[in-house]
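*Asks:* I am attaching a structure below and will ask some questions about it afterwards.
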Amino acid sequence: MQQSKPKSVRQRQSSPAARLENVELRNYHVQQRIDQDELALIYTATHTTLERPVQVAILRRSGWVASARFQLAARLAARLTHPHLLPVIDAGHDEKYGDYMVLPAIEAQRLSVLLQAGALEPVQALRIFTQIAAALDYLHANAVIHRDVQPSNILIAGDDLAYLTNLGLAASAETPADLGSLEEGDYLSPYSAPEQRLDQTDAAPALDIYSLGAVLYHMLWGDMPEGDGSPLPSLVDKTHATEMANVDALLQRMLAPNPAARPASAGECATLLRRAMRQQLDRATPDMEESRWEVTAEWIENPLEPVLTSELRAAAAHALPEELEQVEQIVAQFQMYLQRSRERADSLHRTDAIRRRLNRWSRQGFFRRTGAGQLIEFEQVLSFNVYFYELRALYETRTHPVASQRPMQPQDRRSTGELPQVWDVDVPDTPPYADVSPTQLILPNSTMVITCPECDGNAELICPRCEGAGMLPRERKVRHPDGSVDTEVISEQCPTCRTYGRVRCERCAGNGNLVEEATFIWSRRAMEFLNHDDDAEDDLLQPLVLQEHLIDVCSTPINVYGGHWHSVPPLDAVLRQAVSEIKDEQTRLIAAELTIKATPVTEVNYKLNDKDDTLYLLGMEHAVLGSWSLLNPERIALVVVGVLLVLGLLIWVAVSVLL
């Protein structure tokens, strides 16, 4: 008899919890079922001694895998304490009803239920996102990866208070090794990162970053992302709000197929989202809590930084002994820059430091507001690096081999070796990234000795001028004694063959044989491609301004086809442009060197006279870049009036003279 296929965990028979209501369970009187999640049924209950209302979650599945997941969730939730993690008060096992855990009594509904009505308002989505991001950062700091972030595992209480629940799939030191036996349908959701596997030994925060991005997309778009790697639909097109373009960019980063391209932390994602939605926040000010206006200082990691760190480590691990020192120097230079830029940011992430810098700046210009540092009201301080990329690419062209013939020389011998491919041939050494004009090279082992078809191996040809006679007839006039003139024909030596009648075969240079070789044309050309991060396109933060404060970061050879370089959008654009210069199969990009420079930037969002504005502190010298709001209008007006008075006086004098 054929055995039936074992059921998955989701298909197995439910436990007695499905029929539990108005019963006593240990110290709790279980009352009414109010909800269920993937693993458990949730009931209202009361502690029989303390008469305290609680909620009891009772495992609704049978089987050791479900029990192990349920117990893992209970242990982690009991050990980890965070305002946005749903805590566990108690847990245990009942002989009749199985495993249970006790939760605080909260009036909340799952985010998945809220989303059934469609997309959320952007500000509400931001509130929820920020809280869940904080919970994830806390988990990651405690070496726990959630691995199941989705709307059904997020509870929303009053005032949009959000709780992350269900740690049953979490990766931690306490996670049972046997969870890897779960089928994909039991642990993957439309919100799961493409690389997620339960048997991973290196589960990373990037898994949760992806899922959090998918939840954000669902909250703002009203539907879950496709998850097939196709470009996301634009929120700008859906909302007709151009300010959502920055949110689009953040979602593209969070949902990047390559984990290295995603932001480093959930908190950084929240900072970037808050920054991207600043206009929506300002419009919603009356509805926002007062903490909206508290000064926050954040470091935003550039997508390049984890990628470059990973690539340089890989280069060091695979470097040849003679290359290792150079690679280590590149790594050290990059790490030194990162350290300096972070130390710079730390020194500026105090409003008193920024106030002092602005006050000094005020004193250095007549038209600047006096005491600008004391006048502005800080809202948010962000520090980040803006990178500039210079890619040097070296292209080499080797044409298809063609047969060429030349006269045979005494040293020529017929080749006996194997004929190589044209791209396997050693070419002359040239300076790095130097242009080489088209040069004909011989394909090794292609030498063949053949009989000259012109002279048929005789080395000589019949003289074409005298046709082998050696002499040429020539007419000359002869005058007779009687004065008459006659013409006679005489023979004279052929000037070409000098009576020999034969001449040397020029095609074989007189040796009767030719050498036939395969030759190809070899050339090189170097090109440069430039780009910079998108931050350098801000109204104030223009590339020319940033270039005045550039610092060398590193210069390293790269493989334009491999690694994670393409996960950095502005660098990807440079690499694609370089590859597009390859027009045919005869040309290859044989070397590429990436030079990276950067300007450290601190962005200060502030209010002045109840108006929002932004200034920047650039470079290690903290140069101030601000708008007109930082200028002194009284002094400007005074100078304008003075100039007008002088012009008026000059006009009056001129008119007086003319009259």
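Heads up: the sequence shown begins at 1 in the working numbering, then just goes up one per residue.
Where a beta carbon is used, it is the ideal one built from N, C-alpha and C, also for glycine.
Model, not experiment: these values are computed from the prediction.
Considering Cα atoms alone, identify which of C452, V560, V422, Q380 is closest to M408.
*Replies:* The residue labelled residue 408 in the question sits at position 408 within the sequence shown. Out of C452, V560, V422, Q380, C452 has the C-alpha closest to the C-alpha of M408.
*Asks:* Using only alpha-carbon positions, find the residue among V144, C505, R79, M101 that is nearest to N27.
*Replies:* Taking the first residue of the sequence shown as 1, we reach residue 27 at position 27. Checking every option, the nearest Cα to that of N27 belongs to M101.
*Asks:* Pick out whichever of E377, P557, A469 has its Cα sitting closest to the Cα of K607.
*Replies:* Working through the sequence shown from its first residue, we reach residue 607 at position 607. Of the candidates E377, P557, A469, the one whose C-alpha sits nearest the C-alpha of K607 is E377.
*Asks:* Our contact map puts S383 next to L358 with C-beta atoms below 8 Å; I'd like the distance itself, whole angstroms only.
*Replies:* Taking the sequence shown and counting its residues from 1, one reaches residue 383 at position 383. Taking the sequence shown and counting its residues from 1, one reaches residue 358 at position 358. The pair is not a contact, with the Cβ atoms about 16 Å apart (cut-off 8 Å).
*Asks:* According to DSSP, is I132 helix, strand or coil?
*Replies:* In the sequence shown, the residue the question calls residue 132 occupies position 132. In this structure, I132 counts as helix in the three-state DSSP scheme.
*Asks:* Only counting the same chain, and skipping five residues up and downstream in sequence, which positions put a Cβ closer than 8 Å to that of Q109?
*Replies:* Locating residue 109 in the sequence shown gives position 109, counting from the first residue. Result list for Q109: L155, I156, in chain order.
*Asks:* Starting from Q405, follow the beta strand (DSSP E) in both directions and report where the run begins and ends.
*Replies:* One-based indexing of the sequence shown puts residue 405 at position 405. From DSSP, the beta strand (DSSP E) with Q405 extends over 402-407.
*Asks:* DSSP has L727 in a bridge; who is on the other side?
*Replies:* The structure shown does not extend to residue 727, since the chain is modelled only from 1 through 659, so no value can be given for it.
*Asks:* Whose C-beta lies closer than 6 Å to the C-beta of P428 among residues of the same chain, with five residues either side of it excluded?
*Replies:* Start at 1 with the first residue of the sequence shown, and residue 428 comes out as number 428. Counting only Cβ-Cβ distances below 6 Å, and skipping sequence neighbours, we find nothing.
*Asks:* Once DSSP output is grouped into helix, strand and coil, what is the label at R60?
*Replies:* Mapped onto the sequence shown, residue 60 falls at position 60. Coil, per DSSP.
*Asks:* Per DSSP, which residues does N531 bridge with? Please list them.
*Replies:* Taking the first residue of the sequence shown as 1, we reach residue 531 at position 531. Paired residue(s): Y389.
*Asks:* Please say whether A319 and L136 have beta carbons closer to each other than 8 Å?
*Replies:* In the sequence shown, residue 136 corresponds to position 136, counting from 1. In the sequence shown, residue 319 corresponds to position 319, counting from 1. Cβ atoms of L136 and A319: not closer than 8 Å.
*Asks:* Does the beta-carbon distance from L235 to D223 come in below 8 Å?
*Replies:* Stepping through the sequence shown from its first residue, residue 235 is reached at position 235. Stepping through the sequence shown from its first residue, residue 223 is reached at position 223. Their beta carbons are not under 8 Å apart, which means L235 does not touch D223 by this criterion.
*Asks:* Identify, in the order they occur along the chain, each residue of the same chain with its Cβ nearer than 6 Å to the Cβ of H549, setting aside the five sequence neighbours on each side.
*Replies:* Here residue 549 refers to the residue found at position 549 when the sequence shown is read from its first residue. Within the same chain, H549 has close Cβ partners T599, L618, G619.
*Asks:* Counting only runs that start and end within the segment 617-658, where is the alpha helix (DSSP H) found for 4 or more residues in a row?
*Replies:* Entirely contained in the segment 617-658, the alpha helix (DSSP H) runs reaching 4 residues are, in chain order, 633-658.
*Asks:* Report the rounded CA-to-CA distance for Q131 versus L161, giving the unit in angstroms.
*Replies:* If you number the sequence shown from 1, residue 131 lands on position 131. If you number the sequence shown from 1, residue 161 lands on position 161. Roughly 8 Å between the two C-alpha positions.
*Asks:* List the DSSP bridge partners of Q493.
*Replies:* As a first step, residue 493 is located in the sequence shown; it is residue number 493 there, counting from the start. In DSSP, Q493 forms a bridge with M471.
*Asks:* In the DSSP assignment, the alpha helix (DSSP H) including L220 goes from what residue to what residue?
*Replies:* As a working mapping, residue 220 is identified with position 220 in the sequence shown. Taken as a continuous stretch (DSSP letters only), the alpha helix (DSSP H) holding L220 covers 205-221.
*Asks:* How close, in whole Å, do the beta carbons of N445 and P410 come, if the pair is a contact with beta carbons under 8 Å?
*Replies:* Taking the sequence shown and counting its residues from 1, one reaches residue 445 at position 445. Taking the sequence shown and counting its residues from 1, one reaches residue 410 at position 410. That pair is no contact at about 20 Å.
*Asks:* Reducing DSSP to helix, strand and coil, say where Q374 ends up.
*Replies:* Reading the sequence shown from its first residue, position 374 is the one you call residue 374. Residue state, collapsed to three classes: helix.
*Asks:* Looking at the unbroken alpha helix (DSSP H) that takes in E460, where does it start and where does it end?
*Replies:* In the sequence shown, counting from the first residue as 1, residue 460 sits at position 460. Note, E460: premise wrong, no alpha helix (DSSP H); beta strand (DSSP E) at 460-462.
*Asks:* Looking at the secondary structure, which residues open and close the alpha helix (DSSP H) in which A317 lies?
*Replies:* Taking the first residue of the sequence shown as position 1, residue 317 is located at position 317. Residues 304-318.
*Asks:* When you compare only the Cα positions, how much space is there between R479 and V485?
*Replies:* Counted from its first residue, the sequence shown places residue 479 at position 479. Counted from its first residue, the sequence shown places residue 485 at position 485. Straight-line Cα distance between these residues: approximately 4 Å.
*Asks:* Beta-carbon within less than 8 Å of L541's beta-carbon, same chain only, minus the 5 sequence neighbours each way: which residues are those?
*Replies:* For the purposes of this step, residue 541 is identified with residue 541 of the sequence shown, where counting begins at 1. If we look at L541 and ignore the five residues flanking it on each side, its Cβ neighbours are V386, D535, V601, Y616, L625.
*Asks:* If the criterion is Cβ atoms closer than 8 Å, does the pair R504 and E454 meet it?
*Replies:* Along the sequence shown, read from residue 1 onward, the residue named residue 504 stands at position 504. Along the sequence shown, read from residue 1 onward, the residue named residue 454 stands at position 454. No, they are not a contact pair.
*Asks:* What are the start and end residues of the beta strand (DSSP E) that includes G483?
*Replies:* The count along the sequence shown starts at 1 and reaches residue 483 at position 483. Careful: G483 lies outside any beta strand (DSSP E) and carries neither H nor E.
*Asks:* Quick one: what's got a C-beta closer than 6 Å to H93's C-beta in the same chain, skipping five residues either side?
*Replies:* As a working note, residue 93 is residue 93 in the sequence shown. Around H93: D99.
*Asks:* Compute the distance between the beta-carbons of L394 and A204, then report whether it is under 8 Å.
*Replies:* On the sequence shown, position 394 is the one that residue 394 refers to. On the sequence shown, position 204 is the one that residue 204 refers to. It is not a contact, given that the beta carbons lie outside the stated cut-off.
*Asks:* Near D287, what residues of its chain come up, given a Cβ to Cβ distance below 8 Å and the 5 sequence neighbours on each side ignored?
*Replies:* One-based indexing of the sequence shown puts residue 287 at position 287. Its pLDDT being 44, under 50, D287 is placed unreliably in this model, and the value from its coordinates should be taken loosely. If we look at D287 and ignore the five residues flanking it on each side, its Cβ neighbours are V123.
*Asks:* Tell me, which residues are paired with N605 by DSSP?
*Replies:* Residue 605 sits at position 605 when you count from the first residue of the sequence shown. Per DSSP, Q380, T614.
*Asks:* Taking CB distances under 8 Å as the criterion, tell me whether E418 reaches chain B.
*Replies:* You won't find chain B in this structure, because it holds only one protein chain.
*Asks:* Can you say whether H82 is buried or exposed, counting buried as having 16 or more other CB atoms within 10 angstroms of its CB?
*Replies:* Here residue 82 refers to the residue found at position 82 of the sequence shown. Buried is the call here.
*Asks:* Give a yes or no on whether the C-beta atoms belonging to L128 and P104 are separated by under 8 Å.
*Replies:* Residue numbering aside, residue 128 sits at position 128 when the sequence shown is read from its first letter. Residue numbering aside, residue 104 sits at position 104 when the sequence shown is read from its first letter. One detail in the question is off: residue 128 reads as Ile in this sequence, not Leu. Contact: no.
*Asks:* Considering only C-alpha positions, which residue in the set R502, G417, R507, P473 is nearest to E492?
*Replies:* To locate residue 492, count along the sequence shown from 1; it is residue 492. Per the Cα distances, P473.
*Asks:* Is the beta carbon of L272 sitting closer than 8 Å to the one on P263?
*Replies:* The count along the sequence shown starts at 1 and reaches residue 272 at position 272. The count along the sequence shown starts at 1 and reaches residue 263 at position 263. It is a contact, given that the beta carbons lie within the stated cut-off.
*Asks:* So what does DSSP say about F520, is it helix, strand or coil?
*Replies:* Position 520 of the sequence shown, counting from 1, holds the residue named residue 520. Three-state result, F520: strand.
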